[in-house]
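This report refers to the structure that appears directly beneath it.
Protein chains: 2
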Amino acid sequence: MIRRSARRMTRQRKIVLEELRKVTSHPTADQLHQMVRRRLPGINIATVYRNLEILTDEGEVMKLDVAGTQRRFDGNALNHYHIRCSRCGRVDDVHMDVVDSLEEAAAKACAYTVLSHTVEFVGICPGCRDGN
Amino acid sequence: MIRRSARRMTRQRKIVLEELRKVTSHPTADQLHQMVRRRLPGINIATVYRNLEILTDEGEVMKLDVAGTQRRFDGNALNHYHIRCSRCGRVDDVHMDVVDSLEEAAAKACAYTVLSHTVEFVGICPGCRDGN
DNA sequence: TTGCAATTGCGATGCACTTGCAATAAGAAT
DNA sequence: ATTCTTATTGCAAGTGCATCGCAATTGCAA
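Chains as they are written, first to last, in my numbering: chain A, 224 to 355; chain B, 224 to 355.
Below is the structure:
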């Protein structure tokens with residue numbers, strides 16, 4: 224019988240999750256590493272990556288593979304849309320309804336079994352637009 | 224006066240574009256490199272990358288920065304949606320209408336100037352589903 | 001034909017992420 | 001509490017994709 228290995232709630236994993244949940248920004252792994260380091264100075268970046276992978280796997284957090292740039296992470300695992308600033312790379316949530324009907328439309332339009340969808344908007348953030 | 228440098232249609236650039244237009248798949252840079260190499264054995268991968276960058280810039284082709292995987296390229300620069308197989312990584316077009324109203328909704332829901340959007344579906348392709 | 005900047009090929013480099021491995025430490029069993 | 005198993009960690013080295021510096025080449029306008 225295939226048994227998935229028991230997960231342990233290590234200090235590292237706990238703090239990675241706490242710090243990610245604490246912010247509404249979408250930090251990259253190394254930004255989060257900096258944040259976590261303030262509470263756990265010795266933690267290694269590889270550990271942060273490994274835990275983010277596991278937490279994503281468990282559905283606790285969300286991995287954002289945003290267009291061609293560095294991966295970012297989101298403490299909110301519910302599907303929601305994002306917008307990325309094409310000038311500074313910043314990523315924000317877009318507080319609009321998720322359009323689940325897109326998936327039905329896609330299912331009709333291709334031969335795949337559709338599982339999920341993501342929407343990414345690209346634009347200019349207020350900071351960049353208003354010149355800073 | 225700022226003058227963007229004059230572009231030259233080199234043999235390399237021409238063939239990169241032709242090969243990419245020739246297929247409906249969404250090759251990665253190195254897949255395209257292989258294809259181009261059959262006609263131009265000496266071409267370097269860096270040249271392929273540079274040309275894809277320039278052609279994207281000119282709106283001739285589209286760069287697909289698909290979720291966390293290797294970058295892919297699309298000979299069709301008009302906005303359309305894609306679906307990625309979560310098992311094999313293959314990417315296909317989804318022949319459904321582009322929902323431009325998403326951008327209006329996003330504009331209302333955040334403070335950005337919205338420029339564009341992309342939708343990516345994730346699913347299981349027929350080949351993987353039907354067991355191969 | 002000439003001049004020259006855009007482009008190429010090549011190797012080196014960068015960057016983000018992953019992995020192998022020995023040491024450490026959760027947390028279940030005793 | 002103590003023991004035991006094995007998941008997890010820190011570290012360093014490794015990967016893979018993409019980019020860069022530079023000298024040589026080549027479009028192409030004059």
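Idealized CB from N, CA, C, for every residue including glycine.
None of these values were measured; they are calculated from a predicted model.
**Study point:** Which of helix, strand or coil DSSP assigns to B/HIS318
**Key:** Within the second sequence, numbered from 1, the residue matching residue 318 of chain B stands at position 95. Coil, per DSSP.
Review point. CB-CB under 7 angstroms to B/VAL337, same chain, minus the five flanking residues each way: which ones, in chain order?
Key: Sequence index remark: in the second sequence, residue 337 of chain B carries index 114 (1-based). Once the five neighbours on either side are set aside, the close Cβ partners of B/VAL337 are GLU326, ALA329, ALA330.
Check your understanding: Name the chain A residues whose beta carbon is nearer than 8 angstroms to that of B/SER309?
Key -> Looking up residue 309 of chain B in the second sequence gives position 86. By Cβ distance, chain A contributes LEU338.
Check your understanding: Interface residues of chain B around A/THR341 at Cβ under 9 angstroms?
Key -> Translated into the one-based positions of the first sequence, residue 341 of chain A becomes position 118. Neighbours of A/THR341 on chain B, chain order: ALA290, THR341, VAL342, GLU343, PHE344, VAL345.
Check your understanding: Who are the neighbours of A/PRO250 on chain B, taking C-beta pairs under 7 angstroms?
Key -> In the first sequence, counting from the first residue as 1, residue 250 of chain A sits at position 27. Ordered by position in chain B, no residue passes the 7 angstroms Cβ test against A/PRO250, which lies about 16 angstroms from the chain.
**Study point:** Where B/MET224 falls: helix, strand or coil (DSSP)
**Key:** The count along the second sequence starts at 1 and reaches residue 224 of chain B at position 1. Annotation note: pLDDT 40 at B/MET224 (below 50); position unreliable, coordinate value reported separately. It is coil, neither helix nor strand.
Check your understanding: So which residues on chain A does B/VAL317 lean against when the C-beta distance must stay under 7 angstroms?
Key -> Indexing the second sequence from 1 puts residue 317 of chain B at position 94. Simply ALA329, ALA332, CYS333.
Practice item. Closer than 6 angstroms by C-beta to B/ILE238: which residues in its own chain qualify, once you throw out the five before and the five after it? Chain order, please. Key: Mapped onto the second sequence, residue 238 of chain B falls at position 15. So the qualifying residues of the chain are VAL259, ARG262, LEU263.
Check your understanding: For A/TYR272 and chain B, any beta-carbon pair shorter than 9 angstroms?
Key -> What you label residue 272 of chain A is simply residue 49 of the first sequence in a count that begins at 1. With 9 angstroms as the cut-off, A/TYR272 does not count as an interface residue toward chain B.
Exercise for review: Over the uninterrupted beta strand (DSSP E) stretch that includes A/TYR272, give me the two end residues.
Suggested key: As a position in the first sequence, residue 272 of chain A is number 49, starting the count at 1. Per DSSP, A/TYR272 belongs to no beta strand (DSSP E); it is in the alpha helix (DSSP H), 268 to 280.
Review point. What in chain A is Cβ-close to B/ARG352, meaning under 7 angstroms?
Key: On the second sequence, position 129 is the one that residue 352 of chain B refers to. Ordered by position in chain A, the residues that pass the 7 angstroms Cβ test against B/ARG352 are THR336.
Check your understanding: Name the chain A residues that come within less than 8 angstroms of B/ILE203, Cβ to Cβ?
Key -> The structure shown does not extend to residue 203 of chain B, since chain B spans only 224 to 355, so no value can be given for it.
Practice item. Give the secondary structure of A/GLU241 by DSSP, where H, G and I count as helix, E and B as strand, and everything else as coil. Key: Reading the first sequence from its first residue, position 18 is the one you call residue 241 of chain A. Here A/GLU241 sits in helix by DSSP.
**Study point:** Where the beta strand (DSSP E) containing B/SER339 begins and where it ends
**Key:** Translated into positions along the second sequence, residue 339 of chain B becomes position 116. Note, B/SER339: beta strand (DSSP E), 336 to 347.
Point to revise | Cβ distance (whole Å) where B/ALA252 is taken to contact B/TYR272 below 8 angstroms | key: What you label residue 252 of chain B is simply residue 29 of the second sequence in a count that begins at 1. What you label residue 272 of chain B is simply residue 49 of the second sequence in a count that begins at 1. Contact holds; Cβ gap of about 5 angstroms.
Practice item. Check whether the region 315 to 322 of chain A touches the region 297 to 313 of chain B, counting contact only when three or more Cβ pairs, one atom from each stretch, lie closer than 8 angstroms. Key: no
Review point. From which residue to which residue does the alpha helix (DSSP H) around B/ARG260 run?
Key: Here residue 260 of chain B refers to the residue found at position 37 of the second sequence. Residues 252 to 260.
Review point. Are the C-beta of A/PRO349 and some C-beta of chain B separated by less than 9 angstroms?
Key: Your numbering for residue 349 of chain A matches position 126 in the first sequence. For A/PRO349, the answer is yes, since a Cβ of chain B falls inside 9 angstroms of its Cβ.
**Study point:** Between the CA atoms of B/SER324 and B/LEU287 - distance to the nearest angstrom
**Key:** Reading the second sequence from its first residue, position 64 is the one you call residue 287 of chain B. Reading the second sequence from its first residue, position 101 is the one you call residue 324 of chain B. Computed Cα separation, rounded: 22 angstroms.
**Study point:** Contact set between B/LEU243 and chain A, taken where Cβ atoms lie within less than 8 angstroms
**Key:** Along the second sequence, one-based indexing puts residue 243 of chain B at 20. Correct list: empty, because the minimum Cβ distance to chain A is about 17 angstroms.
Review point. Excluding sequence positions up to five away, which residues of its chain have a Cβ less than 7 angstroms from the Cβ of B/MET224?
Key: One-based indexing of the second sequence puts residue 224 of chain B at position 1. With a pLDDT of 40 at B/MET224, under the threshold of 50, the predicted position of this residue should be treated as unreliable, though the coordinate-derived value follows. Cβ neighbours of B/MET224 beyond the five flanking positions: none.
Point to revise | For B/LEU325, the first and last residue of its enclosing alpha helix (DSSP H) | key: Stepping through the second sequence from its first residue, residue 325 of chain B is reached at position 102. Where B/LEU325 is concerned, the enclosing alpha helix (DSSP H) stretches over 324 to 332.
Exercise for review: Check distances from the C-beta atoms of the region 255 to 289 of chain A to those of chain B and list, in chain order, the residues that come in under 9 angstroms.
Suggested key: LYS286, LEU287, ASP288, VAL289
Practice item. Could you check how far apart the C-beta atoms of A/PRO349 and A/PHE296 are, in whole angstroms? I think they sit under 8 angstroms. Key: As a working mapping, residue 349 of chain A is identified with position 126 in the first sequence. As a working mapping, residue 296 of chain A is identified with position 73 in the first sequence. Not quite, the Cβ-Cβ distance comes to about 23 angstroms (not below 8 angstroms), so this is no contact.
Practice item. Kindly indicate if chain B contains any beta-carbon less than 9 angstroms away from that of A/ASP253. Key: Numbered from its first residue, the first sequence carries residue 253 of chain A at position 30. False, the Cβ-Cβ gap to chain B never drops below 9 angstroms.
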